[in-house]
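What follows is one structure encoded as structure tokens, with my remarks underneath.
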Amino acid sequence: MSSAILRQASSVARAATRSCAFSTSAVARKDIVQDLYLQQLKSYKPPVQAKDAHVGVVKAYALPPTPQVPTLPADLASELSAYDAAEPTFAAAAKPVEEVSSGPTGADAFLSFLEADEPKVEAHH
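Here it is as structure tokens:
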């Protein structure tokens, strides 16, 4: 009988410690900084602006002028025939640049240039 009472007492003690391990009171969850912040947000009133505060800052909007409808010339056929009859003008052909030839040019000259010995640099004393 005493062992049954001890078992029951130990189970009650375990249950009591499990339920009392966490405090859920409102005092423990209260955040003073958050309360002050929310209070200041609620009490904030933006400054009242004058109704003519925008004058001088914003330009008045004016619609752009409506574009004019293009008109065709009255004598379109004569202008087209004059255009067809006109001779095209070409840009003046550029004169060929005379090359200064200092010997043979081409691949053979380039290879001979690469194979040539470099000039010796005299040492300055």
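Each residue of the sequence shown is one higher than the one before, starting from 7 at the first, in my numbering.
Idealized CB from N, CA, C, for every residue including glycine.
Predicted model, so just to flag it, every value in this text is computed and none were measured.
Would you kindly work out how many angstroms separate the C-alpha atoms of residue i and residue j, rounded to a whole number?
{"i": "Ala15", "j": "Ser9", "result": "10 Å"}
{"i": "Ala124", "j": "Thr95", "result": "Note on residue identity: the sequence assigns Glu, not Ala, to residue 124. So the two alpha carbons sit approximately 53 Å from each other."}
{"i": "Tyr89", "j": "Pro73", "result": "28 Å"}
{"i": "Lys36", "j": "Leu47", "result": "18 Å"}
{"i": "Phe2", "j": "Ala91", "result": "Because the chain spans 7 through 131 in this model, residue 2 falls outside it and cannot be assessed."}
{"i": "Leu42", "j": "Ser17", "result": "45 Å"}
{"i": "Thr111", "j": "His130", "result": "35 Å"}
{"i": "Leu44", "j": "Pro53", "result": "19 Å"}
{"i": "Lys65", "j": "Ala56", "result": "17 Å"}
Who does residue i pair with in a DSSP beta bridge?
{"i": "Val61", "result": "Val64"}
I think residue i touches residue j, with their Cβ atoms under 8 Å apart; what is that distance to the nearest whole Å?
{"i": "Pro79", "j": "Glu85", "result": "6 Å"}
Identify the continuous alpha helix (DSSP H) that holds residue i and give its terminal residues.
{"i": "Leu44", "result": "38-49"}
{"i": "Leu117", "result": "113-121"}
{"i": "Ala88", "result": "82-91"}
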